[in-house]
Every structure is written in structure tokens, then in C-alpha cells.
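Remarks on the structure that follows.
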Amino acid sequence: MKYNEVVSLKDALALGLSKTEWKKILKFLKRIPNYTELGIFSALWSEHCSYKSSKVYLKKFPTKSKRVVQGPGENAGIIKLDDDLCVVFKMESHNHPSFIEPFQGAATGVGGILRDIFTMGARPLCLMDSLFFGTLDDQNMVYLLNGVVEGISFYGNCIGVPTVGGQTGFYPAFKDNILVNVFCLGIAKKDEIFYGKAKGVGNPVFYVGSKTGRDGMHGATMASEAFNDDLKEKKPNVQIGDPFTEKLLLEALLEIMKKGAIEGIQDMGAAGLTSSSFEMAERGNSGLVLYLDKIPLREKDMDPYEIMLSESQERMLMVVKKGMEGEVLDVFKKWDLDAVKIGYVTDTKKIEGYFNGEKVIDLDVEPLVSKAPKYKRPYQKPSYIDELNIEEDLKIKIKNIENEIIDFLKNPNISSKKPIYRQYDHQVQTNTVIKPSFSSAVLRIKGKDYGIAITSDVNPFWCYLNPKEGSAFAVAEAVRNLACVGAEGVGVTDCLNFANPENPDVMWQFKESIEGICEALKFFKIPVVSGNVSFYNETKGKSIWPTPTIGMVGLIRNIKRIPDFKANKKSSIFLAGEGEIRLSSSLFSLHKGFLRGRIPKLNLKNEKKLINFLIKGIKEKRIYGAHDLSEGGLLVSLVELSILCESGMNINFSKEDEILFLFGEGGSKALVFGDDEKIESLSKELNVPLQKLGNFNEKEFSIKTKNFKFEIAFDNLKDLIEKGLKKYME
14 MKYNEVVSLK
24 DALALGLSKT
34 EWKKILKFLK
44 RIPNYTELGI
54 FSALWSEHCS
64 YKSSKVYLKK
74 FPTKSKRVVQ
84 GPGENAGIIK
94 LDDDLCVVFK
104 MESHNHPSFI
114 EPFQGAATGV
124 GGILRDIFTM
134 GARPLCLMDS
144 LFFGTLDDQN
154 MVYLLNGVVE
164 GISFYGNCIG
174 VPTVGGQTGF
184 YPAFKDNILV
194 NVFCLGIAKK
204 DEIFYGKAKG
214 VGNPVFYVGS
224 KTGRDGMHGA
234 TMASEAFNDD
244 LKEKKPNVQI
254 GDPFTEKLLL
264 EALLEIMKKG
274 AIEGIQDMGA
284 AGLTSSSFEM
294 AERGNSGLVL
304 YLDKIPLREK
314 DMDPYEIMLS
324 ESQERMLMVV
334 KKGMEGEVLD
344 VFKKWDLDAV
354 KIGYVTDTKK
364 IEGYFNGEKV
374 IDLDVEPLVS
384 KAPKYKRPYQ
394 KPSYIDELNI
404 EEDLKIKIKN
414 IENEIIDFLK
424 NPNISSKKPI
434 YRQYDHQVQT
444 NTVIKPSFSS
454 AVLRIKGKDY
464 GIAITSDVNP
474 FWCYLNPKEG
484 SAFAVAEAVR
494 NLACVGAEGV
504 GVTDCLNFAN
514 PENPDVMWQF
524 KESIEGICEA
534 LKFFKIPVVS
544 GNVSFYNETK
554 GKSIWPTPTI
564 GMVGLIRNIK
574 RIPDFKANKK
584 SSIFLAGEGE
594 IRLSSSLFSL
604 HKGFLRGRIP
614 KLNLKNEKKL
624 INFLIKGIKE
634 KRIYGAHDLS
644 EGGLLVSLVE
654 LSILCESGMN
664 INFSKEDEIL
674 FLFGEGGSKA
684 LVFGDDEKIE
694 SLSKELNVPL
704 QKLGNFNEKE
714 FSIKTKNFKF
724 EIAFDNLKDL
734 IEKGLKKYME
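Okay, here's the thing in C-alpha cells:
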């Protein structure tokens with residue numbers, strides 16, 4: 014259809030709008046839109062851009078604290094570190110594109126989240142990812158895993174930003190929809206932050222960066238619908254990334270920002286020029302006139318519809334202070350990038366677009382942004398919840414404990430993620446203090462005594478069985494992960510991954526998840542400053558498990574006091590904390606084929622006591638190292654701590670239910686090691702229960718109980734853990 018032709022209801026439905034939304038468009042415009050204008054409505058009213066099914070719930074999040082400089086609503090959130098510096102961070106999803114084309118989907122996910130950070134004046138410091146796939150007995154999953162990891166490593170390594178941590182899981186629920194969530198954090202001076210606002214009537218509007226092509230057309234709309242059998246047809250919806258151009262763009266923007274030439278700036282991300290222009294005008298309470306025939310193109314004969322909706326990468330929309338156009342042009346010429354004046358700011362609160370002298374867009378900003386549809390969709394508790402949440406705990410009889418442990422440790426969810434993170438240059442920029450594979454990544458801030466820690470966490474199985482409690486557990490574990498390196502949580506970004514919101518079962522899962530996250534965050538007094546909602550993660554009616562990924566940033570007040578994880582024979586290993594553990598709903602039960610069970614009860618007061626114990630113990634050098642208990646229970650935590658410390662262990666315990674103690678899962682617990690007297694005195698001071706489990710040795714990992722004994726050479730244990738995933742990624 015031609016870009017300036019008037020449209021009908023049929024055209025609106027074809028672009029993903031509903032009949033009700035079509036009527037709203039006619040009411041707002043008091044006329045019939047042309048095809049370009051309809052395309053703009055379809056993009057900005059899509060779930061991906063408008064959050065129309067989630068906004069009513071997201072308002073419940075705690076978003077303020079003494080450290081919050083910028084909360085939700087901008088390109089990224091900002092937390093103050095001191096009177097001089099801030100951290101700027103956000104997490105985004107690129108699930109749909111990565112399932113269609115894993116390399117480019119993941120790579121452009123990294124590119125997009127990087128731009129969200131440096132568009133605010135922050136130099137990107139690190140990346141982190143949260144990835145979920147189906148089980149690896151499926152060759153397509155092996156292909157997707159390798160493609161996604163290659164895409165992330167390609168973009169991050171080329172642009173010189175380290176990927177320092179993350180989470181990777183393999184569950185049957187993600188066979189038809191993988192999840193690729195990417196986090197980025199940058200550092201900015203408090204008085205050098207830029208916002209996505211179009212301000213100053215008459216100020217020129219510049220297009221900067223790469224040329225516009227037809228790649229990524231309707232990417233936002235595609236991300237707002239479920240998949241069927243048409244994946245190959247959707248490949249043109251996936252953007253193509255160029256990290257080398259992005260590096261030039263980053264440096265050019267940071268240079269021009271130093272000159273004070275920018276009034277407002279925004280990345281052309283989802284919906285491209287459409288979202289950046291309308292959102293900047295809405296935030297600035299202004300309007301824009303755009304001359305679309307001036308846009309630099311890399312393909313011939315592109316029309317206004319294609320220009321407005323292209324999602325070509327490495328592009329920015331910039332409002333420049335009048336009189337400083339020459340400086341902008343000089344800087345971008347130096348970096349060999351396009352910089353073209355394409356319009357100016359007005360006070361009309363409209364976006365007016367011209368193409369070869371013809372006015373092809375004449376739209377008020379409000380109806381497309383702040384007055385976009387908002388739905389409180391119907392919800393109902395799914396029938397499976399009561400069917401699967403059995404109160405009685407699972408009883409598993411084990412004939413040969415050695416075989417069971419070895420088989421369990423081969424599970425890709427437990428296996429070392431080294432085959433993934435070794436592809437990432439996690440040391441570039443020389444700020445990485447603790448490498449990937451620890452509970453949290455730790456980074457120094459050059460010239461400062463403090464440091465920061467980052468972590469991401471969620472247990473999709475628990476969120477499936479109990480969305481509210483499972484989501485609260487994700488927050489609690491993120492706080493615990495940070496505490497294991499001596500950091501206190503100061504801010505959260507999230508990536509809320511769910512299936513079709515038009516399904517009442519899914520909407521109930523989402524509502525419950527928000528309630529659980531809110532409850533935990535309010536208890537810990539940690540604000541949400543940015544985030545993302547990814548709906549429609551389903552194929553042919555098969556939904557993913559609810560996966561509300563929590564990305565948390567922590568502050569380490571003295572970077573010199575982080576644990577060094579150096580073990581010696583004099584160090585004792587303790588289990589600290591108290592909380593319910595269950596075999597039902599554990600990774601071990603899932604490994605054995607049991608897809609049911611009530612999840613453990615969360616006790617936030619116990620979590621807080623343990624977190625204070627960890628932070629104080631690490632600060633005072635009474636705890637030499639810590640590792641929390643999570644998926645896989647005590648066994649997996651012991652194995653992971655052994656490998657982190659590069660040392661074997663002698664573990665002894667006596668329990669009535671040894672299998673539950675070894676494989677059961679719950680919250681509020683962590684392994685710690687150090688001198689007996691120091692740790693025991695800390696335990697008494699803070700009233701945190703402690704159980705001594707054993708000590709380190711050089712060559713052997715052994716667990717002895719009343720009824721069984723498991724022994725393996727440390728080198729063999731390490732080889733076993735590192736082989737699990739390696740065979741799929743060679």
C-alpha cells in the first residue's frame with residue numbers, strides 16, 4: 014500500500030491494531046489516517062512500546078530513595094553513588110528476534126541496551142545477561158545457544174565493553190520461546206546527565222549515526238505478538254548490528270556532550286524514528302517538524318512509512334542548542350558518521366512530517382504516547398496451580414548415591430558456564446575485580462575507594478508453581494548474591510518475561526509476580542529505577558514459564574575488603590542462616606522428572622538477618638568467602654564453592670533426612686568459611702544460626718554422613734562440572 018493512501022479497518026487489523034483501537038484512532042484524529050500515520054499508531058500502541066497491559070501494575074513498584082536520580086520513564090535509571098558520580102543502568106529483552114535469528118537478535122539486543130546507557134551521557138562500564146533455553150537434547154536449542162552467545166560476545170567484545178556476569182538456564186518450558194535479557198551499566202557525572210526531551214522552540218533536530226535501511230521493519234509490532242508457523246517470514250523484522258559503527262557513535266556523542274551542544278537525545282530503538290520523535294516531544298511538552306527526505310538512506314526508494322518504522326541500528330535523534338550546529342557537524346565528520354539536520358522543535362505538541370514537499374504526517378503527540386490505550390485485562394488463577402502445589406514433600410529413594418550425584422552434576426543447569434563466559438572479554442577496561450561464575454560480579458570505580466556489584470536472578474520453575482512467592486524469592490536471592498561479596502542493594506532494573514496477556518491465566522501470573530516483587534523490594538527498601546516488560550512469549554499456544562528477571566546493583570563501601578576466596582586447611586566451612594527447604598520444586602526433583610510441588614516459604618526477616626551477617630562479616634574480614642544456597646541445594650553450593658576456591662573439601666553431617674538436606678532448596682542460607690572463633694562470635698552477635706560442615710583439603714572432595722559416603726578427586730570434580738556444557742559448545 015502507498016504511504017499516503019487513506020486506510021481502512023482491514024489495514025488496521027493487518028498491522029496488529031484491534032477494532033476498538035481503530036475506533037479510538039478515528040475519534041482522536043476526526044479523520045481517516047493515511048498508511049504512514051496508521052503504521053505509527055500500530056508501533057506506538059503496540060504492547061512493546063505502550064505497555065498497555067502492564068502499566069496499571071507497574072505503578073505499584075517502589076521507585077524512590079535518597080539515591081534515586083532518575084526512576085522509570087527515561088532511557089535508563091540512575092542511582093547516585095556519591096556527590097560526584099552516578100550509575101546508569103537498565104535491562105531489556107530481545108527474545109523474539111533472538112529466537113528467529115539468534116546471532117543478530119542477541120547482538121542487536123546488546124547494541125540497543127548500550128545506546129540506552131550512553132545516550133544519557135554515561136560511558137558503559139559492563140554488560141550482563143540472563144538467558145533461558147529449552148533442554149539441550151534438542152539440536153535446535155544447541156544452535157540457538159551457540160548463536161546467542163556468539164552474538165553477545167561479538168557485539169560486546171567489538172565495542173570494548175566487558176560482559177561480567179549473568180545467568181543461563183535450560184528448562185523444557187523455553188523450547189518454543191527462548192529468553193535473551195541483556196543488562197548494561199554505565200558511569201556518569203551527576204551534573205553531566207542527558208535526557209530524552211525535545212526542548213527549546215526553534216532548536217534544530219539532528220539525525221546522527223548509521224544510515225537507514227529496511228531492516229527491523231515492524232520489530233516492535235513483531236515483539237508484541239505470539240509466534241505461529243511464520244518464523245522465516247519474520248526474519249526481515251530482525252535488525253542487523255554493526256558494533257564498530259556503534260563505537261564511533263559512542264565516542265562522538267560523549268565528545269559532543271562535553272561541548273554542551275545537546276539539549277535532548279534519544280536512541281532510535283523499538284519503532285525507530287517514530288518512538289524517538291514522539292517520546293522526546295511528549296517528555297519536552299513540545300512538537301517537531303521533520304523533513305523525512307533528508308534522512309540518510311542506505312537503500313533506494315524508501316518511502317516515509319519505511320523511514321519512520323525502520324529499526325536500523327546505531328542511530329540517534331538529537332535536539333541541538335541553536336547556534337551550535339557547526340560544532341556538531343565537525344565532531345561527527347571527524348568520526349566519519351552521518352549528522353544531518355532534519356527538522357526543528359515547535360510548540361504545537363504535534364509531529365509534522367514532510368516528504369518531497371508533501372505533508373505526510375500530522376499527528377498530535379498525546380494520543381500516541383501518554384494517552385495510548387491502557388488495559389486492565391481480566392485475570393484468573395490457572396487450574397494447574399492447585400493441581401501442582403502439593404503440600405506433601407517429595408520422597409525420593411536413592412540406591413546409589415555416588416551415581417545420583419555424578420548424574421545430577423552433569424545437568425547443564427549446574428554445569429560450569431565457563432564455555433559461555435570465556436567467549437566474552439570480561440577484563441576489557443580493567444575494572445573487573447571478580448570474574449564471572451561468582452554470586453555477583455564486582456567492578457571497581459577508578460579513583461574511588463568503593464566499588465559496585467551486579468547480579469541477576471530468577472527461578473522460572475518457582476515462578477511457575479507460585480508466581481508471587483517465586484518472584485519475591487528472585488528479589489531475595491539477588492540481595493543475598495550481592496551480600497556474598499559484601500555489597501548492599503541500592504537499585505533494581507527488571508525484565509518481566511511472560512506469555513500472552515490476553516490469556517487470563519497469564520495476566521494472573523503477571524499480577525501475582527508484581528505483588529511478590531513489590532513486597533520484597535519494599536521490605537529491603539530497594540527501588541526499581543528502570544525495566545522492561547516482554548509479553549507474548551508463546552508459540553502455537555504454548556507459554557513460557559513466568560520469568561521476572563531481577564537485575565540488581567549493589568554498593569561495596571570498601572573495595573579492598575571484598576572476599577578473596579583463598580581457602581586453607583585452617584578455614585572451616587559453615588552453613589549459615591535458617592529457612593524451610595523442600596525437595597519438591599527443587600532442581601533435583603525436576604531433574605528426576607517431577608514437575609510439581611509447593612515451593613518453600615519465604616521468610617524475609619531471616620533473609621535480612623543473613624544479609625546483615627554476610628555484609629558485616631566480610632567488611633570486618635571475619636568471613637573469608639561466601640556463596641549462597643539456591644538451585645541444586647547444599648550439594649551444588651558446596652561444589653561451586655570448592656571450585657571457586659580451587660580446593661577440595663571434607664564435609665560431614667548427620668541429618669535424619671540426608672537427601673532433603675543435600676538436595677533440598679529454600680532461602681535464607683549461605684555457605685561461609687573462615688576461622689571458627691571469628692565466625693562463631695559473629696553468629697552470636699547477630700543471632701544467625703550456624704552449622705559447621707567441614708574444612709578444605711588439597712586434592713579430594715568428600716561428603717560423609719551416617720548412611721553414605723561420596724568421594725571424588727578435586728581435579729575430576731572440576732572436569733565433571735566443566736564438561737557438562739562444553740560438549741554442546743565445542
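Basically the working numbering = 1-based index in the sequence shown + 13. Note that the Cβ used here is the ideal one computed from N, Cα and C, for glycine as well.
- In this chain, the beta strand (DSSP E) harbouring Cys139 covers Arg136 to Phe146.
- The segment 456-472 and the segment 132-141 touch, with no fewer than 3 CB-CB distances between them shorter than 8 Å.
- Under DSSP, Thr225 takes part in a beta bridge, and its partners are Leu310.
- Under DSSP, Asp518 takes part in no beta bridge, so it has no partner.
- A direct Cα-Cα distance of roughly 33 Å separates Ser223 from Val81.
- Tyr357 and Gly226 do not touch by the CB rule: their CB atoms are close to 26 Å apart, not below 8 Å.
- In the structure shown, the three-state DSSP call for Asn700 is coil.
- Non-local C-beta neighbours of Pro217 in its own chain, meaning closer than 7 Å and more than five positions away in sequence, comprise Val333, Lys335, Glu338, Lys354 and Tyr357, ordered along the chain.
- For Ile636, the closest C-alpha among the options Leu623, Gly645, Leu647 and Ser643 is that of Leu623.
- The beta carbon of Leu342 lies closer than 6 Å to those of Ala352 in the same chain, with the five residues before and after it left out.
- Between Gly544 and Met104, the beta carbon gap of about 6 Å places them in contact (Cβ cut-off 8 Å).
- Scanning the segment 355-418 from its first residue to its last, the whole alpha helix (DSSP H) runs of 4-plus residues come out as 396-401.
- Just measuring C-alpha positions, the residue of Ser556, Val177, Phe723 and Val373 sitting nearest Gln442 is Val177.
- The three-state secondary structure of Val161, taken from DSSP, is helix.
- Contact annotation, Lys538 with Ser66: C-beta distance approximately 29 Å; criterion of less than 8 Å not satisfied.
- In the structure shown, Thr445 adopts extended strand secondary structure according to DSSP, grouped into three states.
- By the neighbour-count criterion, in which a residue is buried when 16 or more other Cβ atoms sit within 10 angstroms of its Cβ, Arg570 is exposed.
- Straight-line spacing of the CA atoms in Ile165 and Glu327 works out to 16 Å.
- Counting the other Cβ atoms within 10 Å of the Cβ of Glu659 gives fewer than 16, which makes it exposed.
- Counting the other Cβ atoms within 10 Å of the Cβ of Gly502 gives 16 or more, which makes it buried.
- Taking Asn494 as reference, the option from Ile113, Leu310 and Gly638 with the minimal CA-CA separation is Gly638.
- Taken through DSSP and simplified to helix, strand or coil, Ser429 comes out as coil.
- For His61, the uninterrupted alpha helix (DSSP H) run begins and ends at Glu60 to Ser63, by DSSP.
- The alpha-carbon separation between Tyr388 and Tyr70 amounts to approximately 10 Å.
- Asp97 is classed as exposed because its beta carbon has fewer than 16 other beta carbons within 10 Å across all chains shown.
- Scanning the segment 19-75 for uninterrupted alpha helix (DSSP H) segments of 4 residues or longer gives 22-27, 32-42, 48-57, 60-63 and 68-71, listed from N- to C-terminal end.
- Looking at the DSSP output, Lys682 shares a beta bridge with Gly590.
- Here Glu735 has Ser429 and Lys431 as same chain residues with Cβ atoms under 7 Å from its own Cβ, once five neighbours each way along the sequence are excluded.
- If you look at Phe187, you'll find it isn't in any alpha helix (DSSP H); DSSP assigns it neither H nor E.
- Per DSSP, reduced to three states, the secondary structure at Lys93 is strand.
- Glu105 has Val195 as its beta-bridge partners, per DSSP.
- In terms of CA proximity to Phe146, Pro425 leads the group Val221, Pro46, Pro425 and Arg457.
- Between Thr121 and Gln252, the beta carbon gap of about 4 Å places them in contact (Cβ cut-off 8 Å).
- Inter-residue distance for Gly84 and Tyr64 is about 16 Å (C-alpha atoms, whole angstroms).
- By the Cβ rule, the segment 285-292 does not count as touching the segment 193-207, because fewer than three pairs are nearer than 8 Å.
- Rounded to the nearest whole angstrom, the C-alpha separation of Glu653 and Gln704 is 19 Å.
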